[in-house]
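J.: Dumping the structure here so I can ask a few things about it.
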Amino acid sequence: WNVAKSMEKKFVSASEIDQEQWYQKTIDKAGNCHWFVQEQQPEKLFVAKLLTFQELISGNKLEERNLGILLIAIDIRMLQEEINMKNTLFDGYGFITYEGHILAEINNFQAEETKLNISELEQKELFENNEYGESVRKIYNEKSYFVNKSETLNGLNLCTMIPVYDVQLVDA
355 WNVAKSMEKK FVSASEIDQE QWYQKTIDKA GNCHWFVQEQ QPEKLFVAKL LTFQELISGN
415 KLEERNLGIL LIAIDIRMLQ EEINMKNTLF DGYGFITYEG HILAEINNFQ AEETKLNISE
475 LEQKELFENN EYGESVRKIY NEKSYFVNKS ETLNGLNLCT MIPVYDVQLV DA
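Once you know that position 122 of the sequence shown is 476 in the numbering used here, the rest is easy, because the numbers rise by one and skip nothing.
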C-alpha cells in the first residue's frame with residue numbers, strides 16, 4: 355500500500371489499510387504519534403496519530419471512540435535545510451531516529467565513500483542507552499565518535515556522531 359497514493363484521496367477507509375504495519379502501530383500507540391518511512395518514498399517522513407472522541411452513552415458514562423488517523427507527510431529535504439547541519443558537523447553525521455530505527459540522514463552532503471551503513475548502525479545501537487543531551491564517546495569501525503541524542507518532538511530524536519578529532523577544546 356502506497357501512503358502517498360491514498361493521501362491523494364484525502365479520506366481512506368480503514369478496511370483499505372488495516373493490515374498495514376504503520377496503521378497497526380498507530381492504533382497500538384493509542385493517541386501517541388507514530389513516525390515511519392516507506393521504501394517507495396524515501397524522501398518522506400510520515401507521522402500518524404490516532405484521533406479519538408468521547409461519546410456519551412447510557413447514563414452519564416463516556417466512552418472513547420476512534421475517529422480516524424491523521425497522517426502527515428514531511429519532506430525530509432525540508433528538515434535537512436531547517437536543521438542545516440552542514441556548518442556544524444564538519445565530518446560528522448546527523449540522523450533522525452525513532453524507537454531505535456534510523457529514519458533519515460540529515461547531512462546527506464557527505465561524500466559517498468564516507469557515508470555510514472544505516473542498518474549496521476542500528477544493529478550496533480549506537481544511539482540507544484544515551485541520556486538525552488549527553489555526549490558519549492563510542493567506537494564505530496575503529497574510529498572514535500562523540501555520540502549525542504536529543505529528543506525533538508513526540509519521540510523523534512536528533513542524533514549526531516562527531517569524530518573525536520573534529521572536537522577541539524577552546525580555552526574560556
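By construction, the Cβ of each residue, glycine as well, lies at the ideal position given by its N, Cα and C atoms.
(1) Does DSSP put E435 in a helix, in a strand, or in coil?
(2) Among D372, A384, L457, I381, which residue has its Cα nearest to the Cα of I399?
(3) Express the C-alpha separation of D429 and F463 in angstroms, rounding to a whole number.
(4) Relative to the C-alpha of G422, which residue among L404, Q434, E409, G413 is closest?
(5) Check this for me: beta carbons of S504 and L512, under 8 Å apart or not?
(6) With DSSP as the reference, label I460 as helix, strand or coil.
(7) Specify the secondary structure class of I529 as computed by DSSP and reduced to three states.
T.: So, from the data block:
(1) If you number the sequence shown from 1, residue 435 lands on position 81. E435: helix per DSSP, three-state reduction.
(2) Residue mapping note: residue 399 aligns to position 45 of the sequence shown, counting from 1. The displayed chain sequence assigns Leu, not Ile, to residue 399. The shortest C-alpha separation from L399 is found at L457.
(3) Position 109 of the sequence shown holds residue 463. Position 75 of the sequence shown holds residue 429. Here the model assigns F463 a pLDDT of 49, short of 50, so the residue's position is not dependable and the matter cannot be decided.
(4) On the sequence shown, position 68 is the one that residue 422 refers to. Nearest of L404, Q434, E409, G413 to G422, Cα basis: L404.
(5) Here residue 504 corresponds to residue number 150 of the sequence shown, with the count starting at 1. Here residue 512 corresponds to residue number 158 of the sequence shown, with the count starting at 1. It is a contact, given that the beta carbons lie within the stated cut-off.
(6) One-based indexing of the sequence shown puts residue 460 at position 106. Coil.
(7) There is simply no residue 529 to check, as the chain begins at 355 and stops at 526 in what is shown.
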